[in-house]
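Residue numbers (the UniProt record's numbering): 1 to 68.
For every residue, glycine included, the Cβ atom is placed at its ideal position computed from N, Cα and C.
Since we're looking at a predicted model, the values are computed, not measured.
Have a look at the structure below, then the notes.
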Amino acid sequence: MRRVIGMEIHRTFGQGVIWENGLTRQEGRVEMTRTALEGFGRQLKKTDKVVIEATGNCMAVSRVLSPM
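Printed below as a string of structure tokens:
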């Protein structure tokens, strides 16, 4: 089943939520460091769709997560 992951981005952390099978659940906080974002990205499935908030550092987050 496909999942949609949403991330609200703040300066020092992101707040994630997952929509799957019609239900949402909190994913928790992800620190805005390359290491933490790469760890978050490794948990993603190839079929996941990730939606991030358009904000000041969203392009940096996108560059880290895009190859995942």
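What is the C-beta distance between residue i and residue j, in whole angstroms, given that I count them as a contact (C-beta under 8 Å)?
i, j, result
"E20", "M7", "Contact doesn't hold; Cβ gap of about 15 Å is too wide."
"E27", "V64", "With a Cβ gap of about 16 Å, E27 and V64 do not count as contacting."
Quick one: give me the first and last residue of the beta strand (DSSP E) that residue i is part of.
i, result
"M59", "Run containing M59: none in the beta strand (DSSP E); it sits in the alpha helix (DSSP H), C58 to L65."
"R3", "R3 to I9"
"K49", "K49 to I52"
Are there 16 or more other CB atoms within 10 angstroms of the CB of residue i, so buried, or fewer, so exposed?
i, result
"L23", "exposed"
"V51", "exposed"
"G16", "buried"
"V4", "exposed"
Span of the alpha helix (DSSP H) holding residue i?
i, result
"G16", "Where G16 is concerned, there is no enclosing alpha helix (DSSP H), although the beta strand (DSSP E) it sits in stretches over F13 to E20."
"E23", "Sequence check: residue 23 is Leu here, not Glu. Here L23 belongs to no alpha helix (DSSP H); instead the beta strand (DSSP E) covers L23 to E31."
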